[in-house]
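> Next up is a structure, given as structure tokens.
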Amino acid sequence: MRNLLVKSTAIAGSIIALSAASVSNAADSVNVAFFLEWASPNQISKVDKVYDEAMGVDVNWTDFSTGVQMTEAMLAGDIDISYSQGLSPFVTAIQQGHPLKMVAIAMEYEANDCFIRNGLGIDSSNASELEGKTVAVPLNTMADFAFRSYMSSLNVDTSTMTIVDQAPADGAKSLADGNVDMACIFGGNSSKAAGEVGTPIMTSQQKIDAGIGSFDVISVTEKFATENPDLLRTFLDVTDEANLAWEATDAQLAKVAADAGMSVEDTRRQMAGMIFMTEKQQMDKYFGPDGVAASAAAALGVVFSDSSDGAAIAKTIDSSFFD
Amino acid sequence: MLDWLSQERAFIASVIIVILLITLLWSILVGLRQATYRAKDQVFGDPERTLGGWYWTLSGVSAILLLWFYFSWGVGRAFFPEAGNEMCQVAKVETAIAPIKAALPIDSRYFKSTELIVRNTEQLDVLESNFPEGVFSETEKEELLNIIVSSRKIIGIFSDQDNQSLESKLAIRDISQDLDELTDKLSKDYTKFNPSSEGLLQPNWGTTRIELPLLPITPKGVLFDDISKHAEVLSQKFLKLRNNSAAANSIIEATKQQIKRLKLSNEAADRSDEVLKERKHYIKAVERIFRRLDDGTIFPPQALDELNDSIKDFLRAIEGAKGNLRLVQAFFIPGAGVVKSKTQCTEQGSGRWLPKPTDVVAKFLLLANPNLENGGGYKGTTLFWWDWIEIADLVSFLIPDFLIDLLPGDYGVHSEQGLFVPNYKDKLQAFAQGDVYLGVIPMLDGHIWDSLFRVLVALALGIFLGVPLGIYMGISRFFKSFFDPIIELYRPVPPLAWAPLILTIFGIQDDGKIFLLFMVAFAIMVISARTGASGTQLSKIRASHSLGASNRQILRYVILPNALPEILTGIRIAIGVCWGTLVAAEMLAGTTGIGFIENVARTVSDYELIWVTILIMGLLGLAFDLLMRLIISRTIPWRGKG
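For the record, the sequence lines run as chains A and B.
Okay, so the first sequence: first residue is 1441 according to the working numbering, each after it adds one.
Okay, so the second sequence: first residue is 6 according to the working numbering, each after it adds one.
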């Protein structure tokens, strides 16, 4: 009995020693954050271990439920790269002086919709009638940003509106109940519910014409970018390859859907609304002179805080890791 | 005045901290002395023992405030207002040399070159053993394996010091000599440095959104700032450094040609998609490793030895030059120090998420400023102020519009001349809708008042409906049995679960929020009143009955006073829970209120604002509780003395 005790203690001790050793060797791996139910072509590379193979290190993928949590994990040193962090948590992090940088655009997608209740007879042509009405907006989110972009593009004075801070699900419900006249929504299910009783203020084409869009970024810690530029470069390279190889075939969709935790049909629908740009397209549109990345981040910063400094945010955008 | 207070917050904090320290020590002394006085004349467990003791309250409050000051770096800033700025300059140096450090075994165990070699060699081995059969021709296979062999050769050549070009050797030596110069500079006297006037004009630590002023404000800071600029240049030089060697160059050139040929041959013959894909994939994998090697970032270890020593000396010199800053950091600035990001220096650790008490007060004053045009208030509403409201709005609230619809006659229409003359019905309608001017009255307006209003109304409804029901449930078989299932069924459900229902039933106005709070308060009041009423001693009731008291009198003079202690305790609990539920209630449809501020602040992790709302709610809850204690001591002085 006593012997057993000694043995088990020794085994436990060596297990602890081993696990400690494996922790200290963890410099040989790269930790990437991503979202479930947010499909992207590089999930094929993720599943097939193309990243691990190309970078020569273990690539650990951890799923998060919000971009703010990604920021926190990056600050704690648990995450090196955040794939598809939303623009708003990124800008928030930069405003608070956190050492992160934006190195690429993960995907571009349509801006969140603002649904006007059917029966009011208001659309983009007479949007000024929205003045004096009640609007449900999840404040300080991308939907808030979209709302302000729509209103300024349609010349509607937001100071005359009653703006109610509501989560998307609640906003959709209030729109259906007739308590609000317009609801700005993000998320698939809430958008579907709001679409039953309301109509988006702008069509997809109108949004493109007005230059209103959304995008997710690939952000990294400054530490990782300084210490492992070669790994970061390879990561972006593999991502670019995955985007180029994307043809939305059934086999590809099935693989992505399985990894994203969605049905193939939902994945197809979601990805149809997304644009995955090549590095060259990103350079032209987002990172060149007058690029969208800097201007959108600056505009979003102003929504969050009156004292936001767009030039300071622009300094954290770094496209030098493209091959 | 406010500006002066804001600028001098470090000094003010230092005075407060000294006062707090004195208070803490003095109150502990008083407390201990009092304890020895009374030690002998009170029995353990005697409730009288908890009476009084203000000195322990004082020491508790000052201890918690001191802890707050300490962990929020408030103490550090108060007594060493320049420490943060100096730490920022040191952080600049650390950020500047990070690329050089990353290549050397300083924070890691191995040279970056060693890691690269190990990783790439492993990958080459894997590629070689996983050669896809039947995809490439024999000559192509030979060629590909040749590339892998060449890649290994390149690693070997780069690792051998003899092959290193003189040029690259000199470049490394240059960098280490420059570093040594910087090390010398660090150990020299820096007191003659003067901070720039621009630097001295910066706002103080923490007075603006940017926490730490970026430019140096002390001679020591100027030294570090200067060093960081030089170190930055050295780092850039180091990053451009390549291990050139003639021996490697010829192999690299030849291999590049080979890869090019292989890629061309992909397009030549026609192959099935499957085969083509596999070919491309394999060639790409080989090329990727080769390209990582060909840019000459692998150095022989001996080549970096000198640089390694220089860096170590440099890091030691930084620690030396920090001088007393090291002590300040160790004792007064808990956490991970300061980090320099691209645009600013920020506090890490508890300093990041725990704002300093003085900063929280400053933020509160900013919110409390009723001048909305000048950045006061929050999202267009003041914190606690008053405003003129039109009496007509109140009237329109009281008179429902449909009443006017019921009156005889029709509403007016515009005439052919395009004129509209309102008839009596239109005028009444305007009156009912508040479109007339009836004068104005002052009314409390602001986030705090709105929240207070919601809590108080809900509480009042909860008490006035809950207490009678509870008492009847305590004394009547019908009330107890009929209402028991309803109350007990809904009571354990968390208020947030009701939120979607309430939104649909009540809409987005105040009534929904009040109803949510009411449900919480109501259940507590019912339970406490019921417990109080059913706990009445039977002998008392029988005694009063035999003395000829009516049912009413028994209820009024026997049961109610007996239930009062429980009811008042219930109110105390209900107040606390109502404040606790406020955030959930104001999440339903946020327009104003403390919970609304907290909900919005959370989305952007604005810690100062979050702490302001936490403190407002905590202090309001405390104020109510103190009020309740006063009421309890006045109305039921007999409690606990029976």
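Heads up, the beta-carbon is just placed ideally off N, CA and C, and yes, glycines get one too.
(1) Provide the residue span of the alpha helix (DSSP H) that contains S1532/A, from first to last.
(2) As a quick exercise: from L624/B, L320/B, R266/B, pick the residue whose alpha carbon is nearest that of D185/B.
(3) From E127/B, K193/B, S277/B, K97/B, pick the residue whose C-alpha is nearest to that of V140/B; which is it?
(4) Which partner residues does D1498/A have in the DSSP bridge list?
(5) Take V588/B as the anchor and find which of L543/B, L457/B, N271/B has the nearest alpha-carbon.
(6) Please report the Cβ distance between L1555/A and Y1523/A, rounded to the nearest whole angstrom; I am assuming they are in contact, meaning their Cβ atoms lie under 8 Å.
(7) How would you list, in chain order, the residues of chain B whose beta-carbon sits under 9 Å from the beta-carbon of V1596/A?
(8) Which ranges does the alpha helix (DSSP H) cover as unbroken runs of at least 4 residues, wholly within the segment 255–281 of chain B, from first to last along the chain?
(9) For a contact defined as C-beta to C-beta under 7 Å, what are the partners of G1496/A on chain B?
(10) Quick one: grab the DSSP three-state call for A1623/A.
(11) Please report the straight-line C-alpha distance between S401/B and F436/B, rounded to a whole angstrom.
(12) Excluding sequence positions up to five away, which residues of its chain have a Cβ less than 6 Å from the Cβ of S118/B?
(13) Establish whether the CB of V1508/A and some CB of chain B are separated by less than 8 Å.
(14) Taking the alpha carbon of F1626/A as the point to measure from, which residue in T1602/A, A1751/A, A1583/A has its own alpha carbon closest?
(15) Considering only the alpha carbon of each residue, which of L309/B, G585/B, I394/B lies closest to V441/B?
(16) On a Cα-Cα basis, can you pick out the residue from N556/B, K368/B, L506/B that is closest to K1613/A?
(17) Once DSSP output is grouped into helix, strand and coil, what is the label at I394/B?
(18) At least one CB of chain A closer than 8 Å to the CB of V605/B: is that the case?
(19) Nearest by alpha-carbon distance to G58/B: which of G417/B, A502/B, I33/B, A628/B is it?
(20) Any Cβ of chain A within less than 8 Å of the Cβ of R284/B?
(21) Determine the DSSP secondary structure at D4/B, reduced to helix, strand or coil.
(22) In the structure shown, what three-state DSSP assignment does I21/B receive?
(23) Would you be able to state if there are at least three C-beta pairs under 8 Å between the segment 6–22 of chain B and the segment 78–85 of chain B?
(24) Mind checking who L217/B pairs with in its DSSP beta bridge?
(25) In the DSSP assignment, what are the bridge partners of G139/B?
(26) Among the candidates K518/B, S270/B, R266/B, whose CA atom is the shortest distance from the CA of W584/B?
(27) Give the secondary structure of S64/B by DSSP, where H, G and I count as helix, E and B as strand, and everything else as coil.
(28) Output yes or no for whether 8 Å exceeds the beta carbon distance between A1738/A and A1754/A.
(29) With DSSP as the reference, please indicate the residues paired to T1602/A in a beta bridge.
(30) Just mark V23/B as buried or exposed, buried being the case when its beta carbon has 16 or more other beta carbons within 10 Å.
(31) Using only alpha-carbon positions, find the residue among P499/B, S346/B, I468/B, M478/B that is nearest to T574/B.
(32) Below 6 Å CB to CB, which residues in the same chain sit around A538/B once its five sequence neighbours on both sides are set aside?
(33) Quick one: using the 10 Å Cβ neighbour count with 16 as the cut-off for buried, is A1461/A buried or exposed?
(34) At what residues does the alpha helix (DSSP H) containing Y1549/A begin and finish?
(35) Would you identify the three-state DSSP class for R1412/A, choosing helix, strand or coil?
(36) For the candidate residues W390/B, T586/B, A176/B, K384/B, whose alpha-carbon lies nearest to that of P375/B?
From the atom records:
(1) Numbered from 1 along the first sequence, position 92 holds the residue referred to as residue 1532/A. It is worth fixing the name first, because residue 1532/A is Thr in this sequence and not Ser. Unbroken alpha helix (DSSP H) run through T1532/A: 1527–1535.
(2) Taking the first residue of the second sequence as 1, we reach residue 185/B at position 180. That would be L320/B, whose Cα lies nearest to the Cα of D185/B.
(3) In the second sequence, residue 140/B corresponds to position 135, counting from 1. Ranked by how close their Cα comes to the Cα of V140/B, the residues E127/B, K193/B, S277/B, K97/B have S277/B in first place.
(4) Within the first sequence, the letter at position 58 stands for residue 1498/A. Bridge partners of D1498/A: S1469/A.
(5) As a first step, residue 588/B must be located in the second sequence, where it is residue number 583. The shortest C-alpha separation from V588/B is found at L457/B.
(6) For the purposes of this step, residue 1555/A is identified with residue 115 of the first sequence, where counting begins at 1. For the purposes of this step, residue 1523/A is identified with residue 83 of the first sequence, where counting begins at 1. Strictly speaking, residue 1555/A in this sequence is Phe, with Leu absent from that position. Their Cβ separation, rounded to whole angstroms, is 30 Å, which puts F1555/A and Y1523/A out of contact at 8 Å.
(7) Within the first sequence, the letter at position 156 stands for residue 1596/A. Residues of chain B passing the Cβ test: none, with the nearest at roughly 16 Å.
(8) none
(9) As a position in the first sequence, residue 1496/A is number 56, starting the count at 1. Going along chain B in sequence order, the residues near G1496/A (Cβ under 7 Å) are R124, N125, E127, Q128.
(10) Along the first sequence, one-based indexing puts residue 1623/A at 183. DSSP places A1623/A in strand when its eight states are reduced to three.
(11) Here residue 401/B refers to the residue found at position 396 of the second sequence. Here residue 436/B refers to the residue found at position 431 of the second sequence. Approximately 7 Å between the Cα atoms of the pair.
(12) As a first step, residue 118/B is located in the second sequence; it is residue number 113 there, counting from the start. Closer than 6 Å at the Cβ level, and outside the excluded window around S118/B, lie I303, F304.
(13) In the first sequence, counting from the first residue as 1, residue 1508/A sits at position 68. True, the Cβ-Cβ gap to chain B drops below 8 Å.
(14) In the first sequence, the residue the question calls residue 1626/A occupies position 186. Comparing Cα positions, the closest option is A1583/A.
(15) Mapped onto the second sequence, residue 441/B falls at position 436. Checked all of L309/B, G585/B, I394/B; the closest Cα to V441/B is I394/B.
(16) Residue 1613/A sits at position 173 when you count from the first residue of the first sequence. Of N556/B, K368/B, L506/B, the residue nearest in Cα terms is L506/B.
(17) Here residue 394/B refers to the residue found at position 389 of the second sequence. I394/B falls in the strand class under three-state DSSP.
(18) Your numbering for residue 605/B matches position 600 in the second sequence. Yes, V605/B lies at the interface with chain A (some Cβ there is under 8 Å from its Cβ).
(19) To locate residue 58/B, count along the second sequence from 1; it is residue 53. Selected option, being the one with the closest Cα: I33/B.
(20) Numbered from its first residue, the second sequence carries residue 284/B at position 279. Not one chain A Cβ lies under 8 Å of R284/B.
(21) Outside the modelled stretch of chain B, which goes from 6 to 647, sits residue 4/B, for which no answer is possible.
(22) The residue labelled residue 21/B in the question sits at position 16 within the second sequence. I21/B falls in the helix class under three-state DSSP.
(23) yes
(24) Along the second sequence, read from residue 1 onward, the residue named residue 217/B stands at position 212. According to DSSP, which records beta bridges pairwise, L217/B is partnered with C350/B.
(25) As a working note, residue 139/B is residue 134 in the second sequence. The partner list for G139/B (beta bridge, DSSP) is empty, contrary to what the question assumes.
(26) Here residue 584/B refers to the residue found at position 579 of the second sequence. It is K518/B whose Cα lies nearest to the Cα of W584/B.
(27) Numbered from its first residue, the second sequence carries residue 64/B at position 59. Three-state result, S64/B: helix.
(28) In the first sequence, the residue the question calls residue 1738/A occupies position 298. In the first sequence, the residue the question calls residue 1754/A occupies position 314. Yes, these two residues count as a Cβ contact at 8 Å.
(29) If you number the first sequence from 1, residue 1602/A lands on position 162. Its beta-bridge partners are T1574/A.
(30) Reading the second sequence from its first residue, position 18 is the one you call residue 23/B. The residue in question, V23/B, is exposed, as its Cβ has fewer than 16 Cβ neighbours within 10 Å.
(31) As a first step, residue 574/B must be located in the second sequence, where it is residue number 569. Of the candidates P499/B, S346/B, I468/B, M478/B, the one whose C-alpha sits nearest the C-alpha of T574/B is I468/B.
(32) What you label residue 538/B is simply residue 533 of the second sequence in a count that begins at 1. So the qualifying residues of the chain are I476, G479, I480, I564, A568.
(33) Start at 1 with the first residue of the first sequence, and residue 1461/A comes out as number 21. Its pLDDT being 40, under 50, A1461/A is placed unreliably in this model, and the value from its coordinates should be taken loosely. Around the C-beta of A1461/A, fewer than 16 other C-beta atoms lie within 10 Å, and the residue is accordingly described as exposed.
(34) Sequence index remark: in the first sequence, residue 1549/A carries index 109 (1-based). Counting along the chain, Y1549/A falls outside any alpha helix (DSSP H), though it belongs to the beta strand (DSSP E) covering 1540–1550.
(35) Look at the range of chain A in this structure, 1441 to 1763, and you will see that residue 1412/A is not part of it.
(36) For the purposes of this step, residue 375/B is identified with residue 370 of the second sequence, where counting begins at 1. That would be W390/B, whose Cα lies nearest to the Cα of P375/B.
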